[in-house]
Amino acid sequence: MPHTLNLTSSPAASLLSLSHIRSVLQRLEDTIVFQLIERAQFKLNRCMYLPGAFPELTKKEGWEGSWTEWFLKESESAHAKVRRWEAPDEYPFTPVELLPSPILPAVEYPPLLWPSNNNHGINVNSKIYSFYVENIVPAICSRHKVEGGAEDAESDDESDDGQYGSAAVRDVEILSALSRRIHFGMFVSESKFRSAPSDFVPHIITASSTSPSVTAEQKTVARDKLLALITKPAVEAALLVRLAEKAQVYGGDFDAAFQARNSGMAREQQEKEREKRRKIEVDEVVQLYKGFVIPLTKTVEVDYLEKRLEGLSESQVRALADGKSWEDVAQELK
1 MPHTLNLTSS
11 PAASLLSLSH
21 IRSVLQRLED
31 TIVFQLIERA
41 QFKLNRCMYL
51 PGAFPELTKK
61 EGWEGSWTEW
71 FLKESESAHA
81 KVRRWEAPDE
91 YPFTPVELLP
101 SPILPAVEYP
111 PLLWPSNNNH
121 GINVNSKIYS
131 FYVENIVPAI
141 CSRHKVEGGA
151 EDAESDDESD
161 DGQYGSAAVR
171 DVEILSALSR
181 RIHFGMFVSE
191 SKFRSAPSDF
201 VPHIITASST
211 SPSVTAEQKT
221 VARDKLLALI
231 TKPAVEAALL
241 VRLAEKAQVY
251 GGDFDAAFQA
261 RNSGMAREQQ
271 EKEREKRRKI
281 EVDEVVQLYK
291 GFVIPLTKTV
301 EVDYLEKRLE
311 GLSESQVRAL
321 ADGKSWEDVA
331 QELK
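Numbering follows full-length UniProt numbering, in which position 230 of the sequence shown is assigned residue number 230; successive positions increment by one, without gaps.
This is how it looks when you write it as structure tokens:
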């Protein structure tokens, strides 16, 4: 299978195959690690994330939000004009009502997600943005404290290099990659649902029930059972090992390693010198996935499954529960 499938021309079965989904997610690992390294070269620049910190934006643009949010809006507006947000695997951070309409004709995508590619109502970008600003950026930019010789918390002046445009470019790239990675969990849910609808239907019915006879505890149990159907602990463990290896290699300073090797210093000292000049810490990347990306992806996956039967008739839901394939039910909907 090719590494990249065309969303507009490839069959849904190929796009929803777990092998294709896995290849997309692994490429996004590379993108995220590289972009984290790129952002880490700049200081925190705290003012970029504070609403109203740039009077120029208020005066010239009428923008009351933060610098980074404005930069996102400007970038996403350009992308909206070329239909990016119509793709089933892309979700903007900017509210849709603030984005322009595409200037190109609409693209017809195969039916990948339910009820249609972009109308399931799931978008967790606000959570991604908050976590990024409050946790990721401070963590990856903390090395500048060491370089500046400051042992305590930096002042705003010490954590600011004035490179707001360059840093915002990296912010947008990281946020976009994280968003795509996390929302791609819906493709995992859809793929596994289609492979065995009858396994999912009873738990979806309970989790999504509005009946007062279904307790909150029963709904929680049903969500847990849905999560168990789509979770593979061995795959997650392998992902974290692979990610650590990528961060170890991509975040290393090869020039420092070369110099240390040719300096005649002991191997242990070589390792210390190389680690001192790392571009990003391995643990930071692993913890990002373990503590945030994977858990939020699971939430997205289960939230999507909870909505998966919406728009189907009772007879169609019963047919799926009794073992009828999704493909057969989908034919009835045409």
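Ideal Cβ positions, reconstructed from N, Cα and C, are used throughout, including at glycine.
In the displayed model, threonine 297 falls within a helix according to three-state DSSP. Within the same chain, Lys219, Ala222, Arg223, Leu226, Glu306 come within 7 Å of alanine 207 by CB-CB distance, once the 5 residues on both sides are set aside.
In the three-state reduction of the DSSP assignment, aspartate 199 falls in the helix class. A distance of 9 Å or more separates the beta carbons of lysine 290 and isoleucine 37.
With respect to arginine 181, valine 302 sits apart: the two C-beta atoms are not nearer than 9 Å. The beta carbons of lysine 43 and alanine 167 sit closer together than 9 Å.
Annotated three-state conformation of glycine 165 is helix, per DSSP.
Three or more pairs of CB atoms, one per stretch, sit closer than 8 Å, so the segment 180 to 197 contacts the segment 324 to 334. The residues Ala80, Lys81, Val82, Arg83, Glu86, in chain order, have a CB closer than 8 Å to that of proline 102 in the same chain once the five nearest residues on each side in sequence are set aside. Three or more Cβ pairs closer than 8 Å define a contact, and the segment 127 to 142 falls short of that threshold against the segment 102 to 113. In this structure, the alpha-carbon of leucine 7 lies about 41 Å from that of proline 212. For isoleucine 37, the enclosing alpha helix (DSSP H) covers residues 18 to 40. By the neighbour-count definition (other C-beta atoms within 10 Å, threshold 16), lysine 59 is an exposed residue.
With a contact defined as Cβ atoms closer than 8 Å, serine 176 and alanine 321 miss out at about 38 Å.
Of the residues assessed, arginine 143 falls on the buried side of the cut-off, its CB having 16 or more other CB atoms within 10 angstroms.
In the DSSP annotation of this structure, arginine 277 is not part of any alpha helix (DSSP H), being labelled neither H nor E.
Around the beta carbon of alanine 40, a 10 Å sphere encloses 16 or more other beta carbons of the protein chains shown; the residue is thus reported as buried. Using a Cβ distance threshold of 9 Å, histidine 203 and valine 124 do not count as a contacting pair.
Residues of the same chain with a CB within less than 7 Å of the CB of leucine 240, apart from the 5 flanking positions on each side, are Val286, Tyr289, Lys290 in chain order. For alanine 330, the CB contacts under 8 Å within the same chain, skipping 5 residues up- and downstream, are Pro111 in chain order.
In the three-state reduction of the DSSP assignment, glycine 65 falls in the coil class. Boundaries cannot be given for glutamate 90, as no alpha helix (DSSP H) includes it and DSSP labels it neither H nor E. Residues Ile21, Ile230, Glu301 of the same chain have their beta carbon placed closer than 7 Å to that of valine 188, with the five preceding and five following residues left out of the count. A distance below 8 Å between beta-carbons, with the five flanking residues on each side excluded, links tyrosine 49 to the following residues of its chain, in chain order: Ser66, Trp67, Thr68, Val133, Val137. Between methionine 186 and isoleucine 122 the beta-carbon gap is near 7 Å, inside 8 Å, which marks them as a contact.
Taking C-beta atoms as the reference points, glutamate 173 and glutamine 316 fail to come closer than 9 Å. Leucine 16 places its beta carbon less than 9 Å from that of glutamate 190. Shown here, tyrosine 304 sits in a helix according to DSSP, grouped into three states.
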